[in-house]
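Numbering (the numbering used here), first residue to last: 11 to 316.
For glycine and all other residues, C-beta sits at the position ideal for the given N, C-alpha and C.
Scroll down for the structure; my scribbles are underneath it.
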């Protein structure tokens, strides 16, 4: 944080320009959780840019983890849960790449991931917790350290800080400076934004600074944390963005069927069509289909119906 440019300046750029912030071998923090507010447009760009050897951390990983492993962008994912969403269970793509390709799924408890991001955001080397004590997860995590509390004598676990090089976060709206407002669950995004060295925001829409100031309590990520702002409508597709659209379930079901039938060739065919084939993000949405996009929007906005 101390090294960041904290000036109030416009940071709007294209998806391609924002993607250039990420270089091979970096550690990346991914915002949202499961199928909610996934920064899919940024992941789409990294896959198109053929980035390599990224270490990616996220609260709960869904099909985004499939894509990161299957594309070769990431060889190490840190999370508390890795599946294809609650409906489809354990990812066969993940199993193939971990069991046969030597990639790393580093599992922590959900609290463990959160405390690591929080420690990173606070600028301390670790935070104590009770989660994972007595569990088999701890046996796999030599990075965590057990101690006797100097005040009470009880056993505690120290979770080391997690400070990604770049955080990728999708929000409902923000201004050109990067003041971001999040509707619905915030997950670990605030701590992630504070913990990362740089933050790239994608947003459903860019609004004026006057609009942001009219509801300051809704601003969850302040401008001085943010390095890039990209306006990408439906930037979480085919996942959801609370209050705007639900997951595009027909597309998701077809995807899961295809990659689980063949985690190698099925995944490559999906990437060729939806990631490497389109000219831009709008072409990607066209491939998903206008009917699915509209249905997801109707369902997502129905929470505001009387």
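CA nearest to the CA of residue i, picked from the options
{"i": "residue 187", "options": "307, 18 and 263", "result": "18"}
{"i": "residue 140", "options": "74, 133, 124 and 134", "result": "124"}
{"i": "residue 174", "options": "230, 100 and 88", "result": "88"}
{"i": "residue 151", "options": "114, 58 and 50", "result": "114"}
{"i": "residue 275", "options": "180, 222, 304 and 77", "result": "77"}
{"i": "residue 138", "options": "148, 144, 122 and 147", "result": "122"}
{"i": "residue 15", "options": "241, 271 and 234", "result": "234"}
{"i": "residue 267", "options": "97, 108, 81 and 287", "result": "97"}
{"i": "residue 107", "options": "286, 272 and 300", "result": "272"}
{"i": "residue 57", "options": "312, 315, 277 and 300", "result": "277"}
{"i": "residue 203", "options": "21, 38 and 20", "result": "38"}
{"i": "residue 289", "options": "131, 54 and 279", "result": "54"}
{"i": "residue 68", "options": "116, 80 and 30", "result": "116"}
{"i": "residue 60", "options": "112, 82 and 72", "result": "82"}
{"i": "residue 90", "options": "143, 265, 43 and 111", "result": "43"}
{"i": "residue 304", "options": "132, 49 and 259", "result": "259"}
Residue(s) in a DSSP beta bridge with residue i
{"i": "residue 39", "result": "67 and 177"}
{"i": "residue 155", "result": "168"}
{"i": "residue 46", "result": "43 and 250"}
{"i": "residue 22", "result": "239"}
{"i": "residue 92", "result": "71"}
{"i": "residue 190", "result": "184 and 231"}
{"i": "residue 97", "result": "Looking at the DSSP assignment, residue 97 forms no beta bridge with any residue, so it has no partner."}
{"i": "residue 114", "result": "86"}
{"i": "residue 255", "result": "251"}
Terminal residues of the beta strand (DSSP E) in which residue i lies
{"i": "residue 136", "result": "136-139"}
{"i": "residue 85", "result": "84-89"}
{"i": "residue 317", "result": "In the structure as shown, the chain starts at 11 and stops at 316, and residue 317 therefore has no counterpart that could be examined."}
{"i": "residue 359", "result": "There is no way to answer for residue 359, as the model of the chain reaches only from 11 to 316."}
Residue i and residue j closer than 8 Å at C-beta
{"i": "residue 209", "j": "residue 236", "result": "yes"}
{"i": "residue 205", "j": "residue 127", "result": "yes"}
{"i": "residue 51", "j": "residue 212", "result": "yes"}
{"i": "residue 253", "j": "residue 310", "result": "yes"}
{"i": "residue 197", "j": "residue 75", "result": "no"}
{"i": "residue 147", "j": "residue 119", "result": "yes"}
{"i": "residue 185", "j": "residue 222", "result": "yes"}
{"i": "residue 207", "j": "residue 176", "result": "yes"}
{"i": "residue 238", "j": "residue 31", "result": "yes"}
{"i": "residue 73", "j": "residue 265", "result": "yes"}
The alpha helix (DSSP H) enclosing residue i, as first and last residue numbers
{"i": "residue 119", "result": "Where residue 119 is concerned, there is no enclosing alpha helix (DSSP H), given that its DSSP letter is neither H nor E."}
{"i": "residue 203", "result": "199-205"}
{"i": "residue 73", "result": "73-81"}
{"i": "residue 150", "result": "Per DSSP, residue 150 belongs to no alpha helix (DSSP H) and is neither H nor E."}
{"i": "residue 222", "result": "219-224"}
{"i": "residue 311", "result": "300-311"}
{"i": "residue 59", "result": "No alpha helix (DSSP H) holds residue 59; DSSP gives it neither H nor E."}
{"i": "residue 105", "result": "102-109"}
{"i": "residue 275", "result": "275-281"}
Spatial neighbours of residue i in its chain, beta-carbon cut-off 8 Å, leaving aside the 5 residues before and after
{"i": "residue 283", "result": "297"}
{"i": "residue 243", "result": "214 and 215"}
{"i": "residue 134", "result": "171"}
Cβ neighbours of residue i in the same chain (closer than 6 Å, five flanking residues each side left out)
{"i": "residue 62", "result": "34"}
{"i": "residue 200", "result": "230"}
{"i": "residue 65", "result": "37 and 86"}
Beta-carbon proximity list for residue i, same chain, < 7 Å, skipping 5 on both sides
{"i": "residue 250", "result": "45, 46, 256, 257 and 310"}
{"i": "residue 157", "result": "166 and 168"}
{"i": "residue 99", "result": "93"}
{"i": "residue 261", "result": "248, 298 and 302"}
{"i": "residue 25", "result": "51, 55, 240, 242 and 291"}
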